[in-house]
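Residue 9 is where the sequence shown starts when you use this note's numbering, and the numbers rise one by one after that.
A virtual CB, placed ideally from N, CA and C, is assigned to each residue, including glycine.
Single-structure report; data block below.
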Amino acid sequence: MIASGFKPRGHILNRLIDVYCKSSNFSYAHQLFDQIPKPDIVARTTLITAYSAIGNLTLARKIFNETPLSMRDTVCYNAMITGYSRNNDGYASIRLFCEMRQGGFRPDDFTYTTVLSGAAQIVDVEKQCQQLHCAVVKSGTGFATSVWNALLSVYVRCASSPLVSSSSLMGEARNLFNEMPERDELSWTTMITGYIRNEDLHAARELLDGMDERMEVVWNAMISGYAHHNSFQEALLLFRKMRLLGIHQDEFTYTSVISTCANNGLFQLGKQVHAYILRTEAKPTVDFSLSVNNTLLTLYYKCGKLDEARYIFNNMPVKDLVSWNAILSGYVSAGRIQEAKSFFKEMPERSILTWTVMISGLAQNGLGEEAMKLFNQMRLEGFEPCDYAFSGAITSCAALGALEHGRQLHAQLISLGFDSSLSAANALITMYARCGVFEDANSVFLTMPYIDSVSWNATIAALAQHGHGVQAIDLFEKMLKADILPDRITFLIILSACSHAGLVKEGRHYFSSMRVSYGISPDEGHYARMIDLLCRCGEFTEAKGLIESMPFEPGAPIWEALLAGCRTHGNMDLGIQAAERLFELVPQHDGTYILLSNLYAAIGRWDDVAKVRQLMRDRGVKKEPGCSWIDVENMVHVFLVGDTMHPEVQAVYKYLEQLGLEMRKLGYLPDTKFVLHDMESEHKEYSLSTHSEKLAVAFGLMKLPLGATIRVFKNLRICGDCHTAIKFMSRVVGRDIIVRDAKRFHHFRNGECSCGNYW
Numbered sequence: 009m010i011a012s013g014f015k016p017r018g019h020i021l022n023r024l025i026d027v028y029c030k031s032s033n034f035s036y037a038h039q040l041f042d043q044i045p046k047p048d049i050v051a052r053t054t055l056i057t058a059y060s061a062i063g064n065l066t067l068a069r070k071i072f073n074e075t076p077l078s079m080r081d082t083v084c085y086n087a088m089i090t091g092y093s094r095n096n097d098g099y100a101s102i103r104l105f106c107e108m109r110q111g112g113f114r115p116d117d118f119t120y121t122t123v124l125s126g127a128a129q130i131v132d133v134e135k136q137c138q139q140l141h142c143a144v145v146k147s148g149t150g151f152a153t154s155v156w157n158a159l160l161s162v163y164v165r166c167a168s169s170p171l172v173s174s175s176s177l178m179g180e181a182r183n184l185f186n187e188m189p190e191r192d193e194l195s196w197t198t199m200i201t202g203y204i205r206n207e208d209l210h211a212a213r214e215l216l217d218g219m220d221e222r223m224e225v226v227w228n229a230m231i232s233g234y235a236h237h238n239s240f241q242e243a244l245l246l247f248r249k250m251r252l253l254g255i256h257q258d259e260f261t262y263t264s265v266i267s268t269c270a271n272n273g274l275f276q277l278g279k280q281v282h283a284y285i286l287r288t289e290a291k292p293t294v295d296f297s298l299s300v301n302n303t304l305l306t307l308y309y310k311c312g313k314l315d316e317a318r319y320i321f322n323n324m325p326v327k328d329l330v331s332w333n334a335i336l337s338g339y340v341s342a343g344r345i346q347e348a349k350s351f352f353k354e355m356p357e358r359s360i361l362t363w364t365v366m367i368s369g370l371a372q373n374g375l376g377e378e379a380m381k382l383f384n385q386m387r388l389e390g391f392e393p394c395d396y397a398f399s400g401a402i403t404s405c406a407a408l409g410a411l412e413h414g415r416q417l418h419a420q421l422i423s424l425g426f427d428s429s430l431s432a433a434n435a436l437i438t439m440y441a442r443c444g445v446f447e448d449a450n451s452v453f454l455t456m457p458y459i460d461s462v463s464w465n466a467t468i469a470a471l472a473q474h475g476h477g478v479q480a481i482d483l484f485e486k487m488l489k490a491d492i493l494p495d496r497i498t499f500l501i502i503l504s505a506c507s508h509a510g511l512v513k514e515g516r517h518y519f520s521s522m523r524v525s526y527g528i529s530p531d532e533g534h535y536a537r538m539i540d541l542l543c544r545c546g547e548f549t550e551a552k553g554l555i556e557s558m559p560f561e562p563g564a565p566i567w568e569a570l571l572a573g574c575r576t577h578g579n580m581d582l583g584i585q586a587a588e589r590l591f592e593l594v595p596q597h598d599g600t601y602i603l604l605s606n607l608y609a610a611i612g613r614w615d616d617v618a619k620v621r622q623l624m625r626d627r628g629v630k631k632e633p634g635c636s637w638i639d640v641e642n643m644v645h646v647f648l649v650g651d652t653m654h655p656e657v658q659a660v661y662k663y664l665e666q667l668g669l670e671m672r673k674l675g676y677l678p679d680t681k682f683v684l685h686d687m688e689s690e691h692k693e694y695s696l697s698t699h700s701e702k703l704a705v706a707f708g709l710m711k712l713p714l715g716a717t718i719r720v721f722k723n724l725r726i727c728g729d730c731h732t733a734i735k736f737m738s739r740v741v742g743r744d745i746i747v748r749d750a751k752r753f754h755h756f757r758n759g760e761c762s763c764g765n766y767w
């Protein structure tokens, strides 16, 4: 047209604007619009519709406002109201609807359909539903099925509001549904999903069974409802009935059924569905293949078949970001972190979910430092972290003991408005607890707007780790009174709390109540904690009886708990028996050799100590070196036993020597029985003085300002002499010292420890 010099009239320009809008070339469409001296209502409405469709309500409203009132018509108002409704601004859609009526414009069926769609997003009391219902009746548009459906959606959505009685409003919705002169697919689907949303699966199924027509969308909605409410048997039976009745099954049917199998560990059944799809869908569409294959990836990796999931992924004709994220999640869930890292690097694109999965995976697999680096890299690449990404970063701080960094993340959470996030708050509880600041962990718990079982578990665990066994039990009882059902993790935590505090009677009660009161069969972890509790208290006969009564063969955790108790109480015969079983089960685990060696050393059987150490050398087992670390001025300082590498270690040794003189005045004597080598007494005392936790505490006392709490972290269990020594240190210097070892926290103050010398 331009080349030929043809000057099109208005109706052709309107069609051109429409073509450019539908081709997403909005800037050129607007340029054409601006060239029209007096654009008519068609051109204006076309642009309003186009800008609304892409979410640019500002430009859409600008064109609408510039349209003279004398030119506007019902279609123009409908376009703008639809824009607000589809962009989730229900209030604006209702305001414009009111303006339309005040301006003398008559709403039509489409107007009421769209404004009711907007109203469904914001209506939360029964009176509002009834007012809208009256307006529809008075308008005379109530004969249109689309208007009935929109009004039905208002009732159904409002029924989910906490301000109304859902059963009452669903009753109103059902009356409206029954009065409809004509019902279509959307009518049935809206009513059934309404029942499902309001937890009334029985009414939804009753409605489905009463249908004369067999609409696949409605059946899919019912199957999806069963799947989301974990009613997997009903979902699978309905899927089978659907097939027997010859109702067409599409990708939505299959994804719901496969998801049900994935979430309930029904791998064989899911595999059968997979086989059925391969047999019956000879030429699936691209959309069908993509959505079904993505769900299959989740099925296979959740059921422990990650390599098979990768095979499906590799052979998918089309992949999207969901496909890549599914495999990444599979690697992370399986603990195959190196493969996850490689796969992450290969990904052609990444979403905030991709970063979050990888950050959380690194944090949960002991790679906190890498997780923090990745979190920072994500932000540098322009991704704004969501609350789940913050949760992963905060979990990393918990693993590293990086308290100040964790506090900074907490401050950022608040500034970004994520402080009410459940996942982030739960991570904060764990972070503060694992960094030795229980008071802050408890403060987060008490100020959370909503708490779930994870919140309770995290706070009970914090109390247990910090030596407050009785308070942990009190909080557990409050949890029960709040009608929060304990799960397997809760019982692992409460049994640990009893074990750390020596609460044998309470531990027996909770172990028994698992099965009797809550129908939870104890697994190996629960038995291990119960045996640990009994052995710590010297109840070896009961512990042996419990092992013999187990419904499965005892594994390494059981024998480790028994051996540790034997080491504490010097039960040589039972300790050797436990060690022999561990040598069979986990021959490369250094802890067994160390505990057995300690057991022999405690009673001076040095020849046997030497034999155990020789056995370690013969089998190529290396002892994990003890190391402790402390954060001073945003730098982590690491100390090893007998350290010579730290630049200030000589000053630390000198300070310890001076401190030792003051400690001896108060009665401290090195306990040389914790030296596991046969040597002269003075050498034993020197060996004890070079333990990593003593070096880290001394460094903290030297470097941190007066009054600051010393927080030290150790990778292994604190030794008995160091425990005694740090009690004396806290008394000499008048400082609070907190040590987190591999098992728990020790809070030292004025010569006492929170563990009560029971650990």
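| Check | Outcome |
| --- | --- |
| Going by other Cβ atoms of all chains shown within 10 Å of its Cβ, with 16 needed for buried, is Val524 buried or exposed? | exposed |
| Roughly how many whole angstroms lie between the Cα atoms of Val646 and Gly634? | 11 Å |
| Can you list, in chain order, the residues of its chain with a C-beta nearer than 6 Å to that of Ser93? Leave out the 5 residues immediately preceding and following it. | Ser101, Thr122, Ser125, Gly126 |
| According to DSSP, simplified to helix, strand and coil, what is Asp616? | helix |
| Would you check if the distance between the CB atom of Ala371 and the CB atom of Thr403 is smaller than 8 Å? | yes |
| When burial is assigned at 16 or more other CB atoms within 10 Å of the CB, is Gln241 buried or exposed? | exposed |
| Taking C-alpha atoms, which residue in Tyr99, His19, Leu298 lies nearest to Val330? | Leu298 |
| Going by the beta-carbon positions, is the gap between Arg719 and Gly444 smaller than 8 Å? | yes |
| Kindly indicate the opening and closing residues of the beta strand (DSSP E) around Met386. | Counting along the chain, Met386 falls outside any beta strand (DSSP E), though it belongs to the alpha helix (DSSP H) covering 376-388. |
| Taking only the alpha-carbon atoms, compute the straight-line gap between Leu5 and Ile584 and give it to the nearest angstrom. | Because the chain here runs from 9 to 767, residue 5 falls outside it and cannot be looked at. |
| DSSP state of Phe591, grouped into three classes? | helix |
| What does the alpha-carbon distance come out to for the pair Ile255 and Leu554? | 55 Å |
| With burial defined as no fewer than 16 other Cβ atoms inside 10 Å of the residue's Cβ, what is the status of Gln473: buried or exposed? | buried |
| For Asp495, write down the residues that DSSP places opposite it in a beta bridge. | In the DSSP output, where bridge partners are listed per residue, Asp495 has none listed. |
| According to DSSP, is Leu124 helix, strand or coil? | helix |
| For Asp116, which of helix, strand or coil comes out of DSSP? | coil |
| Gly91 to Lys30, Cα distance in whole Å? | 16 Å |
| Since Lys702 is in the alpha helix (DSSP H), which residue starts that stretch and which ends it? | 700-711 |
| CB-CB under 6 Å to Tyr309, same chain, minus the five flanking residues each way: which ones, in chain order? | Ala317, Gly338 |
| Starting from Arg719, follow the beta strand (DSSP E) in both directions and report where the run begins and ends. | 718-722 |
| For Ile746, which of helix, strand or coil comes out of DSSP? | strand |
| In chain order, which continuous runs of the alpha helix (DSSP H) of length 4 or greater are located wholly inside the stretch 277-314? | 294-310 |
| Start and end of the alpha helix (DSSP H) containing Val646? | Careful: Val646 lies outside any alpha helix (DSSP H), inside the beta strand (DSSP E) at 643-648. |
| Can you tell me whether Phe453 is buried or exposed? The criterion is at least 16 other CB atoms within 10 Å of its CB, across all chains shown. | buried |
| With DSSP run on the structure shown, which of helix, strand or coil describes His256? | coil |
| Who does Ser636 pair with in a DSSP beta bridge? | Phe647, Lys722 |
| Check whether the stretch 593-600 and the stretch 561-577 touch, using three or more Cβ-Cβ pairs below 8 Å as the test. | yes |
| Quick one: grab the DSSP three-state call for His754. | strand |
| So within the stretch 399-451, which uninterrupted alpha helix (DSSP H) runs reach at least 4 residues, ignoring any that extend past its ends? | 411-423, 430-442 |
| Identify whether Glu485 lies in helix, strand or coil by the three-state DSSP scheme. | helix |
| Counting beta carbon pairs with one atom in the stretch 454-461 and one in the stretch 418-433, are three or more of them shorter than 8 Å? | yes |
| Taking 8 Å as the threshold (C-beta atoms), are Leu648 and Ser700 in contact? | yes |
| To the nearest angstrom, report how far apart Val27 and Gln39 are at their CA atoms. | 13 Å |
| Could you tell me the boundaries of the alpha helix (DSSP H) in which Cys763 lies? | Per DSSP, Cys763 belongs to no alpha helix (DSSP H) and is neither H nor E. |
| If we count Cβ pairs, one from each stretch, closer than 8 Å, do we get three or more for the stretch 656-667 versus the stretch 606-617? | no |
| Any contact between the stretch 624-639 and the stretch 389-402? By contact I mean 3 or more CB pairs, one from each, below 8 Å. | no |
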